[in-house]
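Peer 1: In my numbering, the protein residues as written are 258 to 456. Backbone N, C-alpha and C define an ideal beta-carbon position, used for all residues, glycine too.
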Ligand SMILES: [Zn+2]
């Protein structure tokens with residue numbers, strides 16, 4: 258089989274590096290883009306170059322925005338006394354979409370992992386500590402994984418060293434909405450049982 262010209266192969270290679278895009282999807286996307294360059298490729302090129310020029314991480318929370326501090330950090334109605342600690346910017350988007358949380362955020366940029374060599378200095382932990390003035394609650398909204406929990410403990414320890422008065426909470430673990438008890442795995446059920454609430 259003949260190889261596609263370099264200009265196309267290069268595009269396919271770039272596309273296949275995107276999350277959740279395999280080489281087959283990359284080929285389909287490339288074909289779609291090139292089938293009508295004015296309609297498909299040009300607007301994408303503009304969007305990419307606009308994003309490259311304008312979008313930057315917020316110096317305070319690590320969110321992505323066209324300004325720093327970002328629109329959440331400067332929002333007049335966000336409660337400055339609460340900071341939710343999240344792993345990635347995507348987590349902020351998810352929490353904002355639900356609209357149930359009115360506080361600030363801090364993006365760690367990952368979780369500690371001995372296996373992957375992610376040490377505390379590789380995460381945005383030190384930039385959290387100067388933000389604690391006036392904060393009364395840190396909400397740990399990290400995943401319920403071993404690494405997520407190790408990270409939660411580490412950050413909680415650092416926060417307590419600076420101000421032991423700050424309340425540190427974490428998202429509840431347990432039965433998902435619409436979930437049947439019969440199908441829960443043992444550790445989820447055990448944790449849900451331990452963290453049961455008054456009804
Ligand atoms: Zn921000």
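Considering Cα atoms alone, identify which of 263, 382, 322, 433 is closest to residue 347.
Peer 2: Minimum Cα distance to residue 347 is reached at 322.
Peer 1: Using a Cβ-Cβ cut-off of 8 angstroms (strictly less than) and excluding sequence neighbours within five positions of residue 369, which residues of its own chain qualify?
Peer 2: Contacts found: 375, 376, 377, 380, 404, 407, 408, 411.
Peer 1: Whose C-beta lies closer than 6 angstroms to the C-beta of residue 336 among residues of the same chain, with five residues either side of it excluded?
Peer 2: Once the five neighbours on either side are set aside, the close Cβ partners of residue 336 are 359, 360.
Peer 1: Which class does residue 427 belong to by DSSP, given the choice of helix, strand or coil?
Peer 2: Residue 427: strand per DSSP, three-state reduction.
Peer 1: Does residue 393 get closer than 8 angstroms to chain D when you measure Cβ to Cβ?
Peer 2: The structure shown contains no chain D; it holds only a single protein chain.
Peer 1: Mind the definition here: the stretch 330-345 touches the stretch 385-398 only if three or more C-beta pairs lie below 8 angstroms; say whether that holds.
Peer 2: Segments in contact, yes.
Peer 1: What ranges does the beta strand (DSSP E) occupy inside the stretch 276-356, keeping only unbroken runs of at least 3 residues that lie completely in it?
Peer 2: DSSP runs (the beta strand (DSSP E)) wholly in the stretch 276-356: 336-343.
Peer 1: In terms of residue numbering, what span does the alpha helix (DSSP H) encompassing residue 358 cover?
Peer 2: Unbroken run through residue 358: none, as it is neither H nor E.
Peer 1: When we look at the beta-carbon of residue 436 and count the other beta-carbons within 10 Å, is it buried (16 or more) or exposed?
Peer 2: Under this definition residue 436 is an exposed residue.
Peer 1: Looking only at its chain, what residues have a beta carbon closer than 6 angstroms to the beta carbon of residue 319, apart from the 5 residues adjacent to it on each side?
Peer 2: Cβ neighbours of residue 319 beyond the five flanking positions: 364, 381.
Peer 1: Measuring only from the beta carbon, is residue 329 closer than 7 angstroms to any heavy atom that is part of ligand 1?
Peer 2: True, at least one ligand heavy atom lies under 7 angstroms from that Cβ.
Peer 1: Any idea if residue 438 is buried or exposed, counting beta-carbon neighbours within 10 angstroms, 16 or more meaning buried?
Peer 2: Classification of residue 438: exposed, given that the 10 Å Cβ count is below 16.
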